[in-house]
Each structure stands twice: as structure tokens, then as C-alpha cells.
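Step one of this worksheet: look at the structure below.
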Amino acid sequence: MRQFPRPRILVSRCLEFENVRYNGLIVRSRIVRDLMPLADFITVCPECDIGMGVPRDPVRLVKKGQDYRIVQPGSGEDITEKMDAFTDEFLSSLEDVDGFIFKSGSPTIGIRNIKVYAGNEKAPVVEKGAGFFARKILAKYPGYPMEEEDRLRNHRIRHHFLTQLYTFADLRHVRASGSLERLSEFNRNNRFLFSFYDRGVYREMCDLLEYDDREESEQFPDIIDPYESLLRRLMKRPGNADSRIIVARSILSGFEESLSSAEKDYFENLLGSYKEGRVDEYALTEALRLCMVHHGGKDISENTFLYPYPESLRISCDEKRDRDYWGEKD
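Each residue of the sequence shown is one higher than the last, beginning at 3 in the numbering used here.
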């Protein structure tokens, strides 16, 4: 069975860890709870970490000319310099991480749709963007798995985030090994997954791994950074339904000789139903897994397209799926 790495995740401290929200509350997050036994978390609350108390008056982003300030309207305090210094120091000491989960709506750590005001109080919103602390995270870690807790309630966003997260965690271990052979193996093991995301970029990754006459130890440092840059490009967003069908056919082609005509017809009908939206990707994935088990796939858990992250992180089905609607009283 595949041994999944323990991802390293930077997370807002208010998400399941401590009561550090401005109102003294903690925020519940299903994905953070689910990841706790399987990941290593680094927590941060920029406002608390610069010495602001709990509870506290909320802060807001203000734009003055081309300059962004972060202020506390209730007290009139401008904390821009403190926050700027903390953010730079924090990032300079931050160890290698694989992904980020931040609090939505936070003017410091939110990553999208954060309101920017024209003034400290009773001023209109002039634009929306990332929080003050989060801006520098986005600049330093472009393309990394990074989401806010509210969006991770969505099944597909959660699946994409976890797929990215475990792929980046795997690559971190490959980087630490310094082995070109392990990098090539990583590239091969992810061939179906990477082809699903972006076949063009995956071809560039394969081309990058073409061996030359130098020793592996000399080639690896020249390859690993450009390879990671390509990976960040590749995993920016998942492929579409057509890409999934192409990859499914590629997987099935490995069993073409052993598939019966009835099985081939079944999969053709299944792929047609998926394309027409009558079957979802989860049903298709389960059918492909069963096919690999039945026809002697070696270790199917190594197929990262079908098993991108630990099974315990798969989100539960509809809680009402077995509800007895017929036995209920009107």
C-alpha cells in the first residue's frame, strides 16, 4: 500500500486551535479536523502575534493613494508597520510547507474578496483583494495549495485542494532526497493525474527529465526548481470532463486484452453517461478502481489519479442517504 506523507500546513489559529478571533470565538472547520491525525500544522494569528488582545476591536484594510494600511477603527490605531515587520520576520523563519488553510473574510489572513475601504470609518469599499498578511504569502508561494475554510466545504474544491496538498508533500520529500531517479519515479507515478490536469504541461515536465551525460547529483539541482514551477502551473486547476475521459481510457487500455466484450461495453456506456452528466466522477473512479483490482493491477494505490490522498479524507456521503422516507408520517 502507498505510504502517504504527512503534509505541513500553515493554518489560521482560530480554525479549531484557539479562541483567538476578534470576538473571542473559535471557528469550526471540518477539513482541519479531518486532517489533524494526518498532517503537521503550523498555526498563525497575525493580530494576536503582534500583541493585540482577545477579544479586540476588529481591524480593516484602508487604501490611501496607492498605499495599503491596516487600521483598528475602534481605537484609531494604525498597525501597518507592526504587521509588516511581523509578516516579514514570520516568512523568513517559516519552514517548508505544502499548503495553507486560512480564515475567510479576515482583513489580515483572508486570501480573496477582502474589503478594502477608502477610510477608517464610514467609508465606502473601493476594492476587494487579499488580506494584509496573506498578500505576502501569495507573493512568496504562488501556485501552492491555498484555500479558505468556507470554500473547503465544497466537495470539488476540497478534492482539488487535497490532491494538490499531497502531491506537493510528496515532491517535498523527493526534493530532500536529491535523487533524480526518485524525481523520475514521482513523475511516472503521477502520469495519469498530471495528464488529467494538463497534458501539455506534463509533456514539458517529461522533457525536463531527459537525462544528459552528467552525474545525477549534478543534474538534480538544475532540474528540481523548474520542475516544481511546472508542477505549480499544472495543478492550478483540475482538468475538465473530456480530460477525465481521456485518462480513464488510458487506464483501461492497460487491460484491453483481458477485458471481456461485456466489460468494454459497460465502460463505454459508463463514460457516455459521465459525459452526459448522468454519472459523477466519484462513480467513475470507483468503477476504474474495481477494474484494476479485478484485472490484476499491481498496487493500485500507487495510481495517484485514483488515490490522490488517504481514503479517510474522502468526504462522507449525504447524511440522509439511507433515510426511510416511506416510513415517515406526513
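Note that CB positions come from ideal geometry on N, CA and C, so glycine has one too.
Legend entry - 6 Å Cβ shell around residue 234 - same chain, five flanking residues per side excluded: 145
Inset, instruction - Write down every uninterrupted run of the beta strand (DSSP E) in the segment 51–118 whose length is 3 residues or greater and which is fully enclosed by it, in chain order. - result: 62–66, 69–74 and 101–104
Legend entry - residue 316 to residue 27 span [Cα, whole Å]: 28 Å
Inset, instruction - Flag this pair as yes or no: are the beta carbons of residue 13 and residue 103 separated by less than 8 Å? - result: yes
Legend entry - residue 30 versus residue 40 - alpha carbon distance: 18 Å
Inset, instruction - Express the C-alpha separation of residue 128 and residue 120 in angstroms, rounding to a whole number. - result: 6 Å
Inset, instruction - Would you mind working out which of 274, 286, 211 and 54 sits nearest residue 181, comparing C-alpha positions? - result: 211
Inset, instruction - In the DSSP assignment, find the alpha helix (DSSP H) that holds residue 140 and state where it starts and stops. - result: 134–142
Legend entry - Per-residue DSSP class, three states only, for residue 262: coil
Legend entry - residue 237 in three-state terms, based on DSSP: coil
Inset, instruction - Take the Cβ of residue 166 as the centre, count every other Cβ of all protein chains shown within 10 Å, and call the residue buried at 16 or more, exposed below. - result: buried
Inset, instruction - Counting only the same chain and skipping the five closest in sequence on each side, list residues whose C-beta sits under 8 Å from that of residue 232. - result: 203, 206, 207 and 210
Legend entry - 6 Å CB neighbourhood of residue 42 in its chain, flanking five on each side removed: 8 and 10
Inset, instruction - For residue 54, count neighbouring Cβ atoms within 10 angstroms of its own Cβ and tell me buried if that reaches 16, exposed if not. - result: buried
Inset, instruction - May I have the straight-line CA-CA distance separating residue 106 from residue 156, to the nearest angstrom? - result: 14 Å
Legend entry - Helix, strand or coil at residue 36 according to DSSP, with G and I counted as helix: helix
Inset, instruction - Mind checking who residue 45 pairs with in its DSSP beta bridge? - result: 13
Legend entry - Beta-carbon spacing of residue 363, residue 149 below 8 Å: The requested residue 363 does not occur in the structure, where the chain is confined to residues 3 to 332.
Legend entry - CA-to-CA distance, residue 62 to residue 266, given in whole angstroms: 59 Å
Legend entry - Cβ-based neighbour list, residue 23, same chain, cut-off 7 Å, excluding 5 preceding and 5 following: 16 and 29
Inset, instruction - Indicate the three-state DSSP secondary structure (helix, strand or coil) for residue 22 in the structure shown. - result: coil
Inset, instruction - Identify the continuous beta strand (DSSP E) that holds residue 131 and give its terminal residues. - result: 127–131
Legend entry - residue 304 - containing beta strand (DSSP E), residue span: Segment: none, residue 304 is in no beta strand (DSSP E) and carries neither H nor E.
Inset, instruction - Leaving aside the five residues before and after residue 109 along the sequence, list all residues of the same chain whose C-beta is less than 7 Å from its C-beta, in chain order. - result: 61, 62, 63, 72, 116, 133 and 134
Legend entry - For residue 288 and residue 4, believed in contact at Cβ under 8 Å, the rounded distance: Not quite, the Cβ-Cβ distance comes to about 18 Å (not below 8 Å), so this is no contact.
Legend entry - residue 320 to residue 258 span [Cα, whole Å]: 35 Å
Inset, instruction - Flag residue 79 as yes if its beta-carbon sits less than 8 Å from any beta-carbon of chain C, otherwise no. - result: Protein chain content of the structure displayed is limited to a single chain, and chain C is not contained in it.
Inset, instruction - Following the continuous beta strand (DSSP E) through residue 149, name the residue where it begins and the one where it ends. - result: 148–150
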